[in-house]
Amino acid sequence: MRNHLDRHLATVRNLGILAHVDAGKTTVTERILFATGTTHKRGEVHDGTTITDFDPQERDRGITIFAAAVSCDWEGHRVNLIDTPGHVDFADEVERSLRVLDGAVAVFDAVAGVEPQSESVWRQADRYGVPRIAFVNKLDRAGADLDTAVASIRDRLHPVPLVVQVPIGAEDGFTGVVDLLRMRALIWGDDGEGAVEGVVPEELREEAARRRRLLEEAVAERHPAALEEFCEREPLSAATLAAALRDLTRTGDGVVVLCGSAYRNRGIEPLLDAVVAYLPSPLDVPAVRGTYEGAEQERPADPAAPLAALAFKVSATPTGRLTYLRVYSGTIEKGDTVWESGSRRGERIGRILRVQADRHAQLERAVAGDIVAVVGLKSARAGSTLCAPGAPLVLEPPGVPDPVVSVA
Ligand code: GDP
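Take the sequence shown: its letters are residues 1 to 408, numbered as in UniProt numbering.
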């Protein structure tokens, strides 16, 4: 049983997208929902109703754009996209969303590079120890340059950037990337044609080899196992590089950098692959801590442990009052009575929903690692802890309750 649940947990990615206003967070989010909802394999031939037909997305905007968390599936993994307000005015909300996610994609504008809000959100993510990958967006814009954007990230945010792609073409002619791990080219046709994988174009071979070598050196310098292999035989295998990049991402010793143009739907599939490959699952992050009557407790990401969940957003929607929860430990079932830290009383769980791009899926239960919305809670506020009645715990001081946010 445990093995089966661990296997499930290992496939979960609780992901936030961090960005300065206008860098393209909304566009990246929509393209992710679109890619995960309509195409199941990279390189699949689209039937003409997918990439260019945005009607279904427009229809669904009402649900997805205002949802605090949306679940989608990618290559056997569940990706829960958690909304992170980009605006510093919502500092409490930003901090709360940073608490419930396990990893993030920081989106940058390839022309503007690091902007003030990207800097402040980046620092907050540093404080919470959130592992990140960077997506340099808008490579199609006039004046876009990956190297300049990466230099701005390095100089202003001070991570070790680990660039894993080389763009093919520039500005209007940006058509693809060379994947430096596999040394393969990925070329996107006009919107709707999907990606075609092939050999690295002749004119980019030398440059790609040089950049691959730089990546290997940067990784070997910081990762003992990679260094050992690097000294024995070069080049490093793609598998060793990927494993080292995963470790460096999770320890915060490096930030993998990818690039693309969300607007033109270029670079989203490799971005999702990187999310799955490098960012941690709920099993890979430290156990959550809380207190009760002065005593500190730790709760592991174990569905069999006593329940501990954090309410991170409450929304009034046509479906009812939705309380979004991150379940850290234990299992929550429809009809359960749980202890709520604000009222210090029991509350009954009504329906449990997973918000997807186009619908709400009803669940019988949610387990450690899940992000779900619950209908029917009355006293829970953003910041409330919900836990097993026999094992109370407070994950966050209740503080001032947030106003209920209405869907426009
Ligand atoms: P957000 O404020 O971070 O959510 O940014 P949006 O996704 O709303 O994008 C801001 C503006 O940039 C919009 O006009 C988008 O159409 C545009 N945009 C987003 N991605 C790209 C891109 O890859 N290339 C170009 N040229 N424009 C983009």
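Every residue, glycine too, gets a C-beta built ideally from N, C-alpha and C.
Simplified DSSP state of L186, which is helix, strand or coil: Your numbering for residue 186 matches position 186 in the sequence shown. L186: strand per DSSP, three-state reduction.
Any non-hydrogen atom of the ligand GDP within 7 Å of G24 CB: In the sequence shown, the residue the question calls residue 24 occupies position 24. Yes - the ligand GDP has a heavy atom lying nearer than 7 Å to the Cβ of G24.
Local Cβ density within 10 Å of N3, reported as buried at 16 or more and exposed below that: The residue given as residue 3 occupies position 3 in the sequence shown. In the assembly as shown, N3 is an exposed residue. Its beta-carbon has fewer than 16 other beta-carbons within 10 Å.
Inter-residue Cα distance where the pair is Q356 and K313: Working through the sequence shown from its first residue, we reach residue 356 at position 356. Working through the sequence shown from its first residue, we reach residue 313 at position 313. Their backbone Cα atoms lie some 17 Å apart in a straight line.
Cβ neighbours of W122 in the same chain (closer than 6 Å, five flanking residues each side left out): The residue given as residue 122 occupies position 122 in the sequence shown. Within its own chain, the residues whose Cβ lies closer than 6 Å to the Cβ of W122, once the five positions on either side in sequence are excluded, are L157, listed in chain order.
Inter-stretch contact (C-beta, 8 Å, three-pair minimum) for the stretch 339-348 and the stretch 367-381: When C-beta atoms of the stretch 339-348 are compared with those of the stretch 367-381, three or more pairs fall below 8 Å, so the two segments count as touching.
L214 burial status per 10 Å Cβ neighbour count (16 or more: buried): Counting from one through the sequence shown, the residue named residue 214 turns up at place 214. It is exposed - the Cβ of L214 has fewer than 16 other Cβ atoms within 10 Å.
Identity of the residue in R233, Y278, A262, E217 nearest P247 by Cα: As a position in the sequence shown, residue 247 is number 247, starting the count at 1. Note that residue 247 is Asp in the sequence shown, not Pro. For the options R233, Y278, A262, E217, the alpha carbon positioned closest to that of D247 is the one of Y278.
Burial state of S315, where buried means 16 or more other Cβ atoms lie within 10 Å: Stepping through the sequence shown from its first residue, residue 315 is reached at position 315. Buried is the call here.
Beta-ladder partner(s) of A231, from DSSP: Within the sequence shown, the letter at position 231 stands for residue 231. Correcting the residue type first, residue 231 is Cys in the shown sequence and not Ala. C231 is not bridged to any residue.
Residue(s) in a DSSP beta bridge with Q117: What you label residue 117 is simply residue 117 of the sequence shown in a count that begins at 1. Q117 is not bridged to any residue.
Proximity test, A149 beta-carbon vs the ligand GDP heavy atom, cut-off 7 Å: Here residue 149 is taken as the residue at index 149 of the sequence shown, counted from 1. Checking every heavy atom of the ligand GDP against the Cβ of A149, none is found closer than 7 Å.
Inter-residue Cα distance where the pair is L81 and C72: As a position in the sequence shown, residue 81 is number 81, starting the count at 1. As a position in the sequence shown, residue 72 is number 72, starting the count at 1. Counting only the Cα atoms, C72 lies some 8 Å from L81.
Which listed residue (A104, K138, A112) has its alpha carbon closest to that of Q124: For the purposes of this step, residue 124 is taken as the residue at position 124 of the sequence shown. For Q124, the closest alpha carbon among the candidates A104, K138, A112 is that of A104.
Whole-Å CB distance - V100 paired with R326, under 8 Å assumed: To locate residue 100, count along the sequence shown from 1; it is residue 100. To locate residue 326, count along the sequence shown from 1; it is residue 326. Taking the Cβ atoms as the reference, V100 lies roughly 4 Å from R326, within the contact range of under 8 Å.
Length-filtered (3 minimum) beta strand (DSSP E) runs lying within the stretch 262-338: Runs found: 288-292, 295-299, 308-317, 320-329, 331-333.
Local conformation of D155 per DSSP, three classes: Sequence index remark: in the sequence shown, residue 155 carries index 155 (1-based). Residue state, collapsed to three classes: helix.
Rounded separation between V166 and L180 - CA only: Locating residue 166 in the sequence shown gives position 166, where the first residue counts as 1. Locating residue 180 in the sequence shown gives position 180, where the first residue counts as 1. When the Cα atoms are used, V166 and L180 turn out to be separated by approximately 7 Å.
Distance CB(Y324)-CB(A311) smaller than 8 Å: In the sequence shown, counting from the first residue as 1, residue 324 sits at position 324. In the sequence shown, counting from the first residue as 1, residue 311 sits at position 311. Yes. Within cutoff.
Three-state secondary structure assigned by DSSP to D6: Here residue 6 corresponds to residue number 6 of the sequence shown, with the count starting at 1. Judged by DSSP in its simplified three-state form, D6 adopts helix.
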